[in-house]
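Notes to accompany the following structure.
Numbering (the UniProt record's numbering), first residue to last: 1 to 412.
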């Protein structure tokens, strides 16, 4: 697929080689979205679709969807413990189920289910608790014993002779994966058709402030006037907020992932394990897609430490002995922004017309359509959508945390 864009300033031609324009920035916009990844593009889409707001610019300092949107492992699920988390992720999953028709573009959404393995008695207690909480929230969830796990994923090792024997698993049948690049291109194509300007190679360098309002955004491609600023810059959100003098409890970490060589279809679902800390799916082309936890140090480099990869490979081979002879093809890292309670920050900032969407950690991709919908509502109405209201910045002063660190085991 040719993803070339038009020369600067050109009108969108009727030509299949061009998915969106590459316009020069205009002087003023009603809404300036900072960050051209999945969340920024989805927000623009729902601003157009749900609220009729089209005078919008999406600013991306690199190429469109070239940050975490291009570097994630594409897992989609909603089986979180706390009501607040379950609500936003289930809203998102329902949107995923109709997104291909909404965008008029293939996204290869495959609902193959996810198994979250339990290896200890405490894992079992926590997992069963989460299954029952999911059911109360209307989310599909089951508790499976080892033999049932083996039936769904025949290649998983349920032997009692390994370090952490599989004692069972939670199972969400509606979970799945999607092709992340296609998702981004679908959103970009749709918003461009509506007149939204997607401005690449446009880094935000500062803001023009008048009292408690931001009146302009300074960029490497000139200054833009704005009615509202919506930050969607993932791991660099804290950098942007620092330029406004706003402190947030965000820490940025590298998050590594990797893929194997292409293989025949062998892995029918998604398997996640917190005890040995690895998660594995098989992509549409055949490569195994694997990840684990964040590197412990703070940083903005899109690379990580080798020992993280070494440990997740050991875990993968322990759970899936059939992978022992598979070859690693490539590895990479994104920059994830993490909060103290492992839940996002969405809503108001101290500036009247500046909103923030950040802190999704390792869960940003699965939330893409859901947060786009809710963030667009928040921007259009000036008040948080009910699904994101619990995730306000002020919860870190009120103490009303949504502690997914202690609740959901592996957070991916």
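Ideal Cβ placement from N, Cα and C applies to all residues, glycine included.
Close-in-space but distant-in-sequence residues of the same chain around residue i (CB under 7 Å, 5 per side omitted)
i           : result
residue 155 : 266, 267, 320 and 322
residue 329 : 259, 260, 261 and 287
residue 100 : 106, 107 and 109
residue 372 : 39, 42, 43, 45 and 46
residue 395 : 401
residue 398 : none
Which residues DSSP lists as bridging residue i, in chain order
i           : result
residue 142 : 171
residue 213 : 210
residue 352 : Partner(s): none; residue 352 has no beta bridge.
residue 57  : 32 and 197
residue 272 : 116 and 279
residue 99  : Answer is none; residue 99 lacks a bridge partner.
residue 290 : 258 and 280
residue 319 : Paired residues: none, contrary to the question.
residue 346 : 357
residue 159 : Paired residues: none, contrary to the question.
residue 251 : 338
residue 177 : 75 and 110
residue 218 : 206 and 223
For residue i, the three-state DSSP class (helix, strand or coil)
i           : result
residue 312 : helix
residue 332 : strand
residue 420 : With the chain covering 1 to 412 only, the question about residue 420 has no answer from this structure.
residue 199 : strand
residue 257 : strand
residue 277 : coil
residue 226 : strand
residue 378 : helix
residue 72  : coil
residue 131 : helix
residue 13  : Note that residue 13 scores a pLDDT of 40, beneath 50, so its modelled location is shaky; the value from the coordinates is reported in the next line. In this structure, residue 13 counts as coil in the three-state DSSP scheme.
residue 338 : strand
residue 136 : helix
residue 231 : strand
residue 298 : coil
residue 91  : helix
residue 386 : coil
residue 191 : helix
Beta-carbon proximity check, residue i vs residue j, cutoff 9 Å
i           : j           : result
residue 205 : residue 219 : yes
residue 368 : residue 62  : no
residue 275 : residue 119 : yes
residue 354 : residue 231 : yes
residue 258 : residue 291 : yes
residue 401 : residue 349 : no
residue 337 : residue 403 : no
residue 137 : residue 90  : yes
residue 180 : residue 42  : no
residue 224 : residue 29  : yes
residue 88  : residue 387 : yes
residue 104 : residue 64  : no
Residue i versus residue j - alpha carbon distance
i           : j           : result
residue 300 : residue 333 : 10 Å
residue 172 : residue 117 : 12 Å
residue 182 : residue 52  : 24 Å
residue 152 : residue 115 : 9 Å
residue 25  : residue 110 : 37 Å
residue 196 : residue 102 : 17 Å
residue 93  : residue 363 : 13 Å
residue 66  : residue 200 : 10 Å
residue 48  : residue 185 : 16 Å
residue 170 : residue 207 : 47 Å
residue 194 : residue 245 : 34 Å
residue 15  : residue 264 : Note that residue 15 has pLDDT 42, beneath the 50 cutoff, so the model's placement of it is unreliable and no number is given.
residue 4   : residue 127 : With a pLDDT of 37 at residue 4, under the threshold of 50, the predicted position of this residue should be treated as unreliable, and no value is reported.
residue 309 : residue 270 : 19 Å
residue 178 : residue 157 : 26 Å
residue 27  : residue 54  : 15 Å
residue 124 : residue 147 : 15 Å
residue 98  : residue 190 : 15 Å
residue 209 : residue 280 : 46 Å
residue 8   : residue 202 : With a pLDDT of 35 at residue 8, under the threshold of 50, the modelled position of that residue is not reliable, and the figure given next carries that caveat. Cα to Cα, the separation comes out at about 13 Å.
residue 391 : residue 161 : 43 Å
residue 166 : residue 243 : 48 Å
residue 18  : residue 359 : 33 Å
residue 113 : residue 95  : 17 Å
residue 466 : residue 345 : In the structure displayed, the chain extends from 1 to 412; residue 466 sits before or after that span and is not available.
residue 339 : residue 251 : 7 Å
Chain-order list of residues whose beta-carbon lies under 6 Å from that of residue i (same chain, five-residue window excluded)
i           : result
residue 384 : 347 and 378
residue 283 : 289
residue 12  : Its pLDDT being 40, under 50, residue 12 is placed unreliably in this model, and the value from its coordinates should be taken loosely. So the qualifying residues of the chain are 21.
residue 304 : 254, 256, 295 and 333
residue 40  : 33, 58 and 232
residue 174 : 111 and 140
residue 23  : 197
Any chain B beta carbon closer than 9 Å to residue i
i          : result
residue 58 : The chain labelled as chain B is not found in the depicted structure, where only one protein chain is given.
Residues near residue i by beta carbon distance below 8 Å, same chain, minus five either side
i          : result
residue 86 : 78, 79, 80, 133, 134, 137 and 139
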